[in-house]
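One structure below.
There are 2 protein chains.
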Amino acid sequence: MRYLTEADIEALEIGAAILGTGGGGNPYIGKLRTLQELRNGRSIRLISLDELNDDALVATVGGIGAPIVSIEKLEHGAEGVWAVQALEAHLGRKIDALAAAEIGGANSMMPMITAAQLGISVVDGDGMGRAFPEMQMTTFSIYGHRSVPAVLADERGNLVLFKHTTSEEWFEKLARATTVAMGGSSVGVEAPMPGRYVKRAAVPGTVSQAIALGHLVLAANRQHADPIPLICKQEGGVHLMDGKIVDLKRHLRGGFSVGEIALEGIQAFSGQRGSIVFQNEFLLLKQEGVVRVSVPDLVVLLDVDSGRAITTDVLRYGQRVAVLGLPCHPLLRTPEALKVVGPAAFQLHDVEFKPLRAA
Amino acid sequence: MRYLTEADIEALEIGAAILGTGGGGNPYIGKLRTLQELRNGRSIRLISLDELNDDALVATVGGIGAPIVSIEKLEHGAEGVWAVQALEAHLGRKIDALAAAEIGGANSMMPMITAAQLGISVVDGDGMGRAFPEMQMTTFSIYGHRSVPAVLADERGNLVLFKHTTSEEWFEKLARATTVAMGGSSVGVEAPMPGRYVKRAAVPGTVSQAIALGHLVLAANRQHADPIPLICKQEGGVHLMDGKIVDLKRHLRGGFSVGEIALEGIQAFSGQRGSIVFQNEFLLLKQEGVVRVSVPDLVVLLDVDSGRAITTDVLRYGQRVAVLGLPCHPLLRTPEALKVVGPAAFQLHDVEFKPLRAA
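Those sequence lines, one after another, are chains R and S. FYI, the numbering for the first sequence is 6 to 364, going by my numbering. FYI, the numbering for the second sequence is 6 to 364, going by my numbering.
Encoded structure:
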């Protein structure tokens, strides 16, 4: 158990953006809101999976919607609390701890803010170990727990409870339609589950992992060192390319930010070509037309100068990026998991998942 | 208090279709399902507003979605029961009686079926006295009661509870999006309210009214008499035109069946021209370019030969129709009501509502 500091939250912003693989929303606003909670005297208590009581009731919390919407559509700030309280009223009992549905991007901050406001703990683990665009794409759902009952809240105070859905896909479909009707973003509290299940199904230690990653980048920045080899070493990843964005297609489809970018190699990678497909998150990197990294492994884009992660909503023509491949957690590479978060789940039917290997 | 007979349900089909003004869904399938409940030994107990206990808890029930969808997308049959039970679980108490949200069309049958299955009463009154396309367009909502908490069910068993919405329009928007995601139709149970409010806000006696209207048409059919003057006399309405449909525009927009028809007068109305705008229901009749009837008054189309109501989903080129104008209930003509169900609420901004008068 540890209490997170302001420095940890600054680091979490950076690490969560890297693990977000371009999605999960920009954590900047969430960071400011989390820091505000700390400055208001609230505390963020992080507990490891080992410290979690078997009988504790844990729910996931996260923002839903295309990242690009959340830049201009501000939250009220209490959506998570409203949704937790509505779910508690429905269940007739208190929720003891919150976990991030996804550690990637803004959704890393959501449990911090809501747990601080409610005075409950945050679990050191999440349902993705990265970010994914759909709600059934959590290890909690993959390994058999239902996302419903779940509550969605918007900044006005609208509260919709999904009492029962006949499948995880139906929950995603109905919650997505509700989110689009709410204006493109909402906050969801889902999957109330016992601690003993969280211990088995969560991707473990991902809050600490993101914070450590952020501290490493910040230390490199202070020492004017290149963070990229350090990130690769810490995460067991590969620095695959430095490139310039020479083509960018991006549009909103059903609440998702989808598209493709083309890259032309620069510096040591001059003369090489790459392309990246995304749906909120980066899904697939091809080099010279050959698949190099695909979901569920992580395709990470960093600004080649600052080493900070680039999200799909701020991609622009001419941007110079470093492309990294990071291996996902083994919980995402099982046959059950690949059915839900492998290439075919993203309509990439001609791609077979091959675990990332060092070059 | 009376128990409805099979003959009453046959009559209700005809009368509810007339009051449906083209919308509310075709009551034919609902009638078959209601008759089946009676043949299975269940009973339908109709109580007047006077007989309703002040402290009874009453909810409305109705199908949501474009009528054209419900022809091919069959219901499971227990949606209403599932939704009532989910709402009861949320409220922590039993619902004592059901009312139609709208008496027009298929939604007249929904409380009959669900109340028979649950063994509770149906209230003789509804929220529209006709049919309207949106859920906030009930007298219950207009006179101050909220539609939420409400539950939507689909034929798979998906159950979505609208716990709180910041306005009636937000409920409509969120429930509509959910319905579209459910495939275009759903069953909703809404607005749990005390008997004393229902007595004040319901359009009174509309189940009996629809049944009486149906018996009148059936009796005229048996006697080879023209039902149209009889309907006009009983409802205080006007026979405005007989015409042939010479143009028909119809499309689905956001779950609604919207469009316009052009009519060329036939028989006694030869040489006249008319046009009718619809959004699930017929909203507006113009004759020679002049507004003759507009919402909330009823524009009713009957087959010129059979005298049966024509719904917007079966309109076709060349059809020969009788057009009637029927006055709506005074509860729909107050300034509060006209804000919600007057021409401007249907984007007919250049139309000022003038109560229908006999020619």
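The beta-carbon is built from N, C-alpha and C at its ideal position, and this holds for glycine as well.
Cβ separation of V4 (chain S) and P301 (chain S), assumed to be a contact under 8 Å, to the nearest whole Å:
Since the displayed chain S opens at 6 and closes at 364, residue 4 (chain S) lies outside it and no answer follows.
Using a beta-carbon distance below 8 Å, is R161 (chain S) in contact with chain R?
yes
Which of helix, strand or coil DSSP assigns to I23 (chain S)
helix
By Cβ distance, which residues of its chain are closer than 7 Å to F167 (chain S), with the 5 residues on each side in sequence left out?
V153, P154, A155, F176, L179, A180
For L179 (chain R), which residues in chain S fall below 8 Å Cβ to Cβ?
N163, V165, T183, A186, M187
Run the proximity test for T171 (chain S): is its beta-carbon closer than 7 Å to any non-hydrogen atom belonging to the ligand GDP?
What this structure holds is no ligand at all, so the ligand GDP is not there to describe.
Under 9 Å by beta carbon: chain S residues contacting K238 (chain R):
Correct list: empty, because the minimum Cβ distance to chain S is about 45 Å.
If we count the other Cβ atoms within 10 Å of its Cβ and call it buried at 16 or more, is D355 (chain S) buried or exposed?
exposed
Which whole-angstrom value is the C-beta distance of I23 (chain S) and V305 (chain S), which I expect to be below 8 Å?
6 Å
Looking at the structure shown, is V86 (chain S) part of a helix, part of a strand, or coil, going by DSSP?
helix
Proximity below 8 Å, CB of M117 (chain R) to CB of E56 (chain R):
no
Below 8 Å on the Cβ atoms is my guess for G85 (chain R) versus V194 (chain R); work out the distance and round it to an integer in Å.
7 Å
Using a 10 Å radius around the Cβ and a threshold of 16 neighbouring Cβ atoms, would you call D310 (chain R) buried or exposed?
exposed
Start and end residues, beta strand (DSSP E) containing S262 (chain R):
261-270
Are any of the Cβ atoms in chain R nearer than 8 Å to that of H169 (chain S)?
yes
Which of the three DSSP states, helix, strand or coil, is assigned to V153 (chain R)?
coil
Do the CB positions of A64 (chain S) and P197 (chain S) come within less than 8 Å of each other?
yes
Taking C-alpha atoms, which residue in R:P332, R:T316, R:N163 lies nearest to P32 (chain R)?
R:T316
If you follow the alpha helix (DSSP H) that R44 (chain R) is in, where does it begin and where does it stop?
32-44
Taking beta-carbon pairs under 9 Å, can you tell me which members of the stretch 79-96 of chain S lie near chain R?
W87, A91, A94, H95
Distance, Cα to Cα, Q239 (chain R) vs L218 (chain R)?
8 Å
For V300 (chain R), report the span of its beta strand (DSSP E) as first-last.
Premise fails: V300 (chain R) is in no beta strand (DSSP E) and is neither H nor E.
Neighbour-count burial assignment, H256 (chain R), 16 or more Cβ in a 10 Å radius:
exposed
Pick out the complete alpha helix (DSSP H) segments inside the stretch 187-270 of chain R, 4 residues or longer, and give them in chain order.
200-206, 211-227, 232-240
Around the Cβ of S126 (chain R), are there at least 16 other Cβ atoms within 10 angstroms (buried) or fewer (exposed)?
buried
Who are G330 (chain S)'s beta bridge partners in DSSP?
S:V243, S:V304
Cβ neighbour criterion (16 or more within 10 Å) applied to T10 (chain R)
exposed
Output the distance between the C-alpha atoms of G70 (chain R) and R98 (chain R), rounded to the nearest integer angstrom.
28 Å
Helix, strand or coil, according to DSSP, for R338 (chain R) in the structure here?
coil
State the beta-bridge partners of H169 (chain S) as determined by DSSP.
R:L164
Specify, as a first and last residue, the run of the beta strand (DSSP E) that S146 (chain R) falls within.
S146 (chain R) -> not in any beta strand (DSSP E); alpha helix (DSSP H) instead, spanning 144-147.
By Cβ distance below 7 Å, which residues in the same chain neighbour Q284 (chain S) in space, the five residues on each side in sequence not counted?
P138, F261, V263, F351
My output table needs one value for R181 (chain R): the three-state DSSP class, helix, strand or coil.
helix
Checking 8 Å against the spacing of the C-beta atoms, do G27 (chain S) and E269 (chain S) come in under that value?
no
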